[in-house]
Amino acid sequence: MERVKIKDIAQQLGVSTATVSNVIHGKTNKVSTQTIERVQKALEENQYIPSMAGILLAQNSSKIIGIFINDHEKYEGNVFNDFFISSSLNELSKEIEKHNFFMMIKKTKDPYDIVQFSSMWNLEGVIMIGFCEQDYHYLRNQIHIPLVIYDGFCEQSDRFVNIMIDDTDGGFQMGQYLALKHDKALCITDNLEDMDLNRYNGFQKGFQKEIHLFLVPMEKEKRWKYYEENFDHIQQATCAFALSDYYAIDFMHFLNEHHIPIPDSMSVAGFDNTLLCEMVHPSLTTIEQNISSRARIAIQSILALKEGMKIQTQIQLPVKLIVRKSTK
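So the sequence shown is residues 1 to 328, counted in the numbering used here.
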C-alpha cells in the first residue's frame, strides 16, 4: 500500500498543503477550528503517518543528540562490538531518554560527516568518542552547538567540554597491586600515545620492576603471530597488564590456546571494567572507570551549554582497581 502524502490530503479537502502541514505540526493559530477538525479527521481516515524528524525540524527543536564514534581500524569493522563503546552508548541512551531527547548514532572516520549530520538533523548537541585533537578544533570552528568529547587529549578550550579519566593513576594502581607478587611483567598495547602512554607511565611508576613492553599489531592474526615470535618473553614473565580489557581478554585466549594456566602461571589484568570482564573465565582483574557518571556529566553539560551557562570544560574522573580471579 502506497504511503499517503500531505498533498493527497490537501487535494481531498480542497485546502493547501501548507494548511495540512500546519495542522500536523501544531501551527494552528491562523487555521479555523472547522478546518483543523476536517484535516484531523482526514488524517485519521487515511491512516497518515507523519515523519517524526519532519515534525521536530519544523518545530525548530530536533531534541536529537548525536553520538559520533571514530570507526578506527583497530576495531576491524566491528566498532559497536567493542564493549567500551557499547557500554558507553547504553549509558548515554539512559541519560538522553531521561531528559526526553532522542539519540542518533553514527560511526565515521571523517569529522566532516559530523558537520553534515549536525546541519541535516538540526542536532541539539554532539558527543564524540575516539577522535583526535585536530578533529575537535576543526569541528568547534564549523558547528555552533554544544560539543562534548570523551578522552580528548588536547589543550583546554571553552568551546567544548572534555571528559577524561585519570589514566595515569589507573596504571599506577595496577602496578602497585601486581608488584606485590610479581617481579617481571608484560605490558600490552597497540600504541604509546595519549591515554595509553599515561597508563603505561603510571604502571611503570607503580610496578618499579622489570617490564617488557609488547607493542602489538591491531589485527588479531598479526597480533597472535607477534605473541608466537615473543613467546620466550611471555614465559619469562608471571603477569601481564593490557592497557584495555579487549587486549587483556584476547591475550587470555592466546594463553589458553597454549595451555598456560591463568593465574597460576600468568596473572592477567586489563583496563576499563567492561561487561565482559565478569563473563570470561577466570574473571578479569581490571581498572574501573565509571561509564554511567561520564554519560550523566556529558548530557548535563550539553543541557547547560544550551542554556548558555558557564560550566567546567575539563573534567577528570577517578578510577579504581577491581580485583578478580585472573590475578593472584
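Just so it is clear, CB atoms sit at the ideal spot from N, CA and C, and this is done for glycine as well. No experiment lies behind these values; they were computed from the predicted model shown.
Cβ-Cβ distance between residue i and residue j below 9 Å
i    : j    : result
I96  : F68  : no
I343 : I315 : Limits of the chain in this structure are 1 at one end and 328 at the other, which puts residue 343 out of reach.
R296 : I165 : no
T274 : S326 : no
L186 : F214 : yes
R199 : F84  : no
S119 : I143 : yes
D110 : G130 : no
L317 : G125 : no
Q204 : G170 : no
L321 : I299 : no
Y247 : V216 : yes
I127 : L92  : yes
Q47  : V15  : no
Selection from the options that minimises the alpha carbon distance to residue i
i    : options                   : result
T189 : I165, H212 and A242       : A242
R324 : Y48, S283 and S292        : S283
Q156 : R140, D167 and T168       : R140
F153 : F117, T168, F160 and M195 : M195
K107 : R38, L192 and G77         : G77
Per-residue burial, residue i [other beta carbons within 10 Å of its own, 16 or more giving buried]
i    : result
V319 : buried
D158 : exposed
F80  : exposed
S301 : buried
Own chain residues within Cβ distance below 7 Å of residue i, not counting five before or after
i    : result
H182 : T238, C239 and S267
A42  : I9, Q12 and L13
M218 : E73, K74 and D190
Residue-level contact to chain C via CB, residue i, 9 Å cutoff
i   : result
K63 : No chain C appears in the structure shown, which is made up of a single protein chain.
Close Cβ partners of residue i (< 8 Å) along its chain, the five nearest in sequence each way excluded
i   : result
K30 : N22
K63 : L56, N100, F101, F102 and E124
M1  : With a pLDDT of only 47 at M1, under the threshold of 50, the placement of this residue in the model should not be trusted; the figure read from the coordinates follows. Once the five neighbours on either side are set aside, M1 has no close Cβ partner at all.
W94 : It is Lys, not Trp, that sits at residue 94 in the sequence shown. Counting only Cβ-Cβ distances below 8 Å, and skipping sequence neighbours, we find S292 and A295.
Other residues of its chain near residue i: CB distance less than 6 Å, five sequence neighbours each side excluded
i    : result
I36  : V23 and T28
Q176 : G206
Length-filtered (4 minimum) alpha helix (DSSP H) runs lying within the stretch 67 to 132 = 83 to 98 and 111 to 120
request  = Starting from the N-terminal side, write out each stretch of the beta strand (DSSP E) that is 3 residues or longer and does not extend beyond the stretch 128 to 192.
outcome  = 147 to 150, 161 to 165 and 184 to 189
message = To test your reading of the DSSP string, which unbroken beta strand (DSSP E) runs of 3 or more residues are found completely within the stretch 215 to 265?
response = 239 to 242
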